[in-house]
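K.L.:
Please see the structure below; I have some questions.
Residue numbers (UniProt numbering), protein chains in the order written: chain A, 1 to 377; chain B, 1 to 377; chain C, 1 to 377; chain D, 1 to 377.
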């Protein structure tokens, strides 16, 4: 029976709903229920919260804990049967939608030398961040690119794509990031297996990078790119780190993020894809940033160094290859624990969604010199 | 214990996951679970569906069924206690998020003469479509506008707004439409009660319409509007119907929608708000449109006439003031049952979200001359 | 010999060129000349002026002076021989480029009942403002529209267009406005006569207005317009005047322009064409605006009432149908001399060029309460 | 008397003006003249040409001819008196506006070690291409950058800027490119000398490049740049040439331009400034491109190699540091005369103007396999 379970979210504040249950009202609610309707005041305070309360929880996934399990998946299941061998990150608050944080999915995928996954496409946008191994490659709409550690690569929505490791490579692991949960939530996810299971490489290998990451403020003339995502698919680690190091010399950096750069679509100067953005930030030796919070979810991977982040008052230690998340509207600050080496955090996020829909909001922590007090559990 | 309930979504198709459970794998899954991770192949087919399967169901809410309940709410609860007296539309598939369809909330609100709701603002964007009564008004960031039947009005995200009915009016009913479920899903919803509970009217009454809907391709010169939503807040029924009638004379219309016009933001030519669009369409006497389907959810209100729509193979009859929804990716076609009078459908939707994120997709029904076969239940 | 005529623009100010001619330098200049080069310092002060000094002069063209000459042109030359019978406005400072002001061409065209000009297209953008007569019409890319007094119509760059007067009409006069001088200056002007001399009317008459000026914040749904100019070609006088009157009730207006509205492209909210904008402004009874100046040229036609404008310190009286210009960077203010009736000024300009190129600049007159002192000649 | 000199541009083609002079008409023209008006049909064919006929002529300026004259200017005039010591390129068809081609100004500037020009700003946009010497630097709005051979640097409209050569440098020569003639033509040119004659360097040296050309698809996060021009001011030669070489490996290139890249504004992916774009193109060993023509003027400088271009049927040989122009709508094709080395052409143009105003047009030569026949003079 519905009535028994019916919640009534009351608040004793002017401007908020505060209606006591009465027999008459409960009968009225039952009547409304018959017509696929209900009384707003019973749920108004719940559905119009004072501020977001993320259902995600902060988590750090330690690579030393996961690595063996990821590698083992290749023993346990064949690529033919599994499609992809991935251990995905399951946020305790988001298990129902298979998300690592908010509406972002992430997993650690492994492939062995000589393996090649089937080609498919889907409405979900995807990205990879290479963690270890040699010989990995990705093909996107006929463009093939080889991948090394800390390279960042996108396989945007609607593109045919597949991954593989060359015969002379080693077993590889990389982090996948997708907006699968968002696409499912928006009920806009389509999936197609390539009719020939594999696509042809129709452009020179590495052509996307050669054309679009060729260098310093230059792009191909006379191009006719008209997609909503970047024509540059791969962003290599070496020039990325170099870029950060170069930029670090001339900037004070952000109080909240240290020296931070966004990966961009060179056609627009905006995010690499319409639903997900990505960044790399450098924390200078010993740097301890100030805390802020914002709408939008972020998933970090430690590309270099060690340190910790304080998220919603909890301390999370991290080192290379560890992954951690910052849920929406939780204060967070980062610390590079090494007094003599810099640390680098790769991250991806759903900020493009926040910005496109006009709902990005940001706030610095005002108290305590901008630093959170660490809560002892 | 988790293992017992663990689902494994297998499909016997090349390119899809198809891994049998074994004791070894089940033990592996348990191990992964300890680290807040899981094996992708157990859920891959579920989270990457072949095409969207909306959790919403098509519903028609008949006004003759709801009207008395809506009016009665004003007897049952005071505005002070209820905040707003609204009977909201609760899609059987979306009760958990209080949505009428997809991520769109809608309800029927009533107010009595002399009542004035408290002022507030929220991240959710809102719109109203007036159904009955006289004397209703809305105030948005100091701009007051009076409202009559079939007027469409927006109270965009982040604006102070409140509604009332003048002393010499009658009890009013209007449909509210908001993206509250989306804002909650995106964990970006903020709510604030106006510090003085009521805001001042700081502009001449009806100034927004007088300035921005003044007429035929003209807008105020030297304006400095910089918001993401329309500076025109109210779209009146009389000129809207006139516009449709005028346009109908020179167009063949759309095969799927008859003679359809979008309410626009005159600053951009685009949708009225960043998360919701709205349209009014006229079905010519006896018109029977063809079926198509698209991503994005739509909620219709019958502004004029009677007829029926076939949604996902089911027939839904409607007449003036009835409200019905078309969930994502369901085929739908509309029929004006009156051979001598036109019918008008007001609708609002989340297409701006689909378009901003690059995931709008549309498909005409190819079979059967473009018409669905009605399924007998 | 060049040397004799060689100018040397010297200024005795630090940071400006100030080089005396010497025999050695003059010989050097002669040497440079042989290689199609010259010394910058001889012209630097000339080509980098402190501020713009328009070569146009303020002019008022009085309709009572011109009307008979315009009408008479129809007696003097046949449409076949003349192409179009137009008396064009020749600014004394711009005779070399046939401009009325700056890079804007304008003329008064006349046609008799039953006449139809040949169809052509060109890179120049064009607009018309109807002055007198009945039965005039214009066809643009298959769209025919009828024209009455004070209607504003565009025939954008690259469109096939032609004008005519119906058999049952009267001799008509309208003002043409084109960016011909600009197109010629930019060496981008192409001209083509329609291969069949006349184009077919392929859409319902008035369809552009019926679709795009249908009313209050509404545009056709599902349209695919992709041109750089407005799909709305005709802006009628009656709704325009109504719009101004309506807007006037809720605005204080601009200190410099009274109650002013821009004609817009409903697809973008921006100017009607990429090179020319147009506006209509209402000066309230007795209104005397303040003076400002800006880059960009403006040509006004008095649509209603009488008064005067002070341009660069000179007073220019005007009444209905008079045309006057304000050259770039000249202070100007307007006066409605009638204490009980409003006055309306139609105007067109090259502001879209200024804005697209990032060179719009504006300045209010600070002295004398914002009013110019009228110079006695 | 005007009548004698009055031209009447007749064409015996339907749709064109073809009115014979008669005593009556001549008298009529005199009458019109009194009212600052004239008859359109006397000039219509002139001001509406069939296609653009550029007043500029193709020219090649050979560096070996100019270099000594440029260097000598530093002997002849002091920086204090000359402002800048520049030998500017004076197109024989554009001497009246001091343009090298179309509306583009260009000159060769020289400075000696220890010299520092006064700081100023103007509405004209400017760019430099360094030709020889060491120790040159430019300061733009507090950002200082050092310059080497073949570096490309912008000093956009409205920015304070100045140039100098360090004490330990050598006499430098670079090419200036400005849109001064266009700004003057548009009567929108303002000039201001810095109140303190010199500006302070307020950012770390090279910060613009370090931040915005840091590398491969990365830009500073959280930046708030809102100007219409690029935040990246300097584009260095080494990475530019590397980029071309890299891109050349994966592209067939353009049939008309070989391997060509555009310098871009990393904030938008568009041109570096709103009125001028710039490109670098590589002609592969022995490459002979096909001929095309387009609206917009281009000024080339040979950055590397030797060859020739055929412009409007004339052959122009060039080698390193030579400068040549292609006027609007003239067919042109390029030839790298070296069968074993590549050649590089730097160029700048006014294409952003063509594109912003909707008047870009392009046409390939259809005859003779796409190659012009060289006219013997």
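Quick reminder that beta carbons are idealized off the backbone N, C-alpha and C, glycines included.
#1: Within 10 Å of its beta-carbon, does residue 156 of chain C have 16 or more other beta-carbons around it, so buried, or fewer, so exposed?
#2: When the cut-off is 8 angstroms and only beta carbons count, does residue 87 of chain D lie next to chain A?
#3: Would you kindly work out how many angstroms separate the C-alpha atoms of residue 217 of chain A and residue 263 of chain A, rounded to a whole number?
#4: Shortest alpha-carbon distance to residue 170 of chain C belongs to which of C:111, C:10, C:58?
#5: Anything in chain B within Cβ reach of residue 309 of chain C, meaning under 8 angstroms, just list it in chain order.
#6: Could you tell me which uninterrupted beta strand (DSSP E) segments, each at least 3 residues in length, are contained entirely in the stretch 184-262 of chain B, listed from first to last along the chain?
#7: Is any heavy atom of the ligand GDP found at a distance shorter than 7 angstroms from the C-beta of residue 300 of chain C?
#8: May I have the straight-line CA-CA distance separating residue 278 of chain B from residue 348 of chain B, to the nearest angstrom?
#9: I'd like to know whether the C-beta atoms of residue 136 of chain D and residue 127 of chain D end up nearer to each other than 8 angstroms.
#10: Please confirm whether residue 280 of chain B and residue 229 of chain B have their CB atoms less than 8 angstroms apart.
#11: Mind pulling the chain C residues with CB within less than 7 angstroms of residue 246 of chain B?
#12: Just checking: is the beta-carbon of residue 195 of chain B within a distance shorter than 8 angstroms of some beta-carbon in chain C?
#13: Please classify residue 28 of chain B: does DSSP put it in a helix, a strand, or coil?
#14: Using a Cβ-Cβ cutoff of less than 6 angstroms, which residues in the same chain neighbour residue 235 of chain B once the five nearest sequence positions on both sides are dropped?
#15: Distance cutoff 8 angstroms, beta carbons only. Does residue 351 of chain A sit that close to anything in chain D?
#16: In the DSSP assignment, what residue or residues form a beta bridge with residue 359 of chain D?
#17: Could you name the residues of the same chain whose beta carbon sits closer than 6 angstroms to that of residue 294 of chain B, not counting the 5 residues immediately before and after it, in chain order?
#18: Which full runs of the beta strand (DSSP E) of 3+ residues lie inside the stretch 6-79 of chain B, going along the chain?
#19: Strictly under 8 angstroms for the Cβ-Cβ distance: is residue 260 of chain D near chain C by that measure?
#20: Count the other CB atoms, across all protein chains shown, that sit within 10 Å of the CB of residue 4 of chain D; report buried if there are 16 or more and exposed otherwise.
#21: Would you kindly report the start and end of the unbroken beta strand (DSSP E) that includes residue 176 of chain B?
#22: Looking only at its own chain, which residues have a Cβ that is under 7 angstroms from the Cβ of residue 79 of chain B, when we skip the five neighbours before and after it?
#23: So which residues on chain A does residue 173 of chain B lean against when the C-beta distance must stay under 7 angstroms?
#24: Compare the Cα-Cα distances from residue 17 of chain A to each of B:253, B:77, B:337 and report the closest residue.
#25: Taking the DSSP output, what are the residues bridged to residue 336 of chain A?
#26: Does the pairing of the stretch 175-187 of chain A with the stretch 202-216 of chain D give three or more beta-carbon distances under 8 angstroms?
#27: Measuring alpha carbon to alpha carbon, tell me which of C:343, C:369, C:350, C:325 ends up nearest residue 93 of chain C.
#28: Residue 24 of chain C to residue 285 of chain D, Cα distance in whole Å?
#29: Taking C-alpha atoms, which residue in D:83, D:245, D:13, D:53 lies nearest to residue 12 of chain C?
#30: Determine the direct distance from the alpha carbon of residue 138 of chain C to that of residue 197 of chain C, and round the result to whole angstroms.
#31: Using the beta-carbon of each residue, which ones in chain A are nearer than 7 angstroms to residue 232 of chain D?
#32: Comparing C-alpha positions only, which one of A:104, A:283, A:220, A:191 sits nearest to residue 383 of chain B?
#33: Which stretch, first to last residue, makes up the beta strand (DSSP E) that contains residue 403 of chain A?
#34: Rounded to a whole number of angstroms, what is the C-alpha to C-alpha distance between residue 40 of chain D and residue 8 of chain D?
#35: Closest to residue 63 of chain C by CA distance: which of C:186, C:144, C:173, C:257 is it?
#36: Against residue 267 of chain C, what residues of chain B qualify as contacts under a CB-to-CB distance less than 8 angstroms, listed in chain order?
P.N.:
On the basis of the coordinates in this document:
#1: buried
#2: no
#3: 14 angstroms
#4: C:111
#5: In chain order: nothing, as chain B lies at least about 17 angstroms away.
#6: 191-193, 218-220
#7: The ligand content of the structure shown is nil, which means the ligand GDP is not present either.
#8: 4 angstroms
#9: no
#10: no
#11: 210, 214
#12: no
#13: helix
#14: 152, 263
#15: no
#16: DSSP lists no partner for residue 359 of chain D.
#17: 362
#18: 37-39
#19: no
#20: Bear in mind that a pLDDT of 46 at residue 4 of chain D, under 50, signals an unreliable position, so the model cannot answer this.
#21: 172-178
#22: 85, 115, 117
#23: Near residue 173 of chain B there are no residues of chain A at all, since even the closest Cβ is about 13 angstroms away, more than 7 angstroms.
#24: B:77
#25: A:307
#26: no
#27: C:325
#28: 45 angstroms
#29: D:83
#30: 15 angstroms
#31: 217
#32: In the structure as shown, chain B begins at 1 and stops at 377. Residue 383 of chain B is therefore absent and cannot be evaluated.
#33: No information on residue 403 of chain A is available, as it lies outside the stretch 1 to 377 that chain A covers here.
#34: 10 angstroms
#35: C:173
#36: 269
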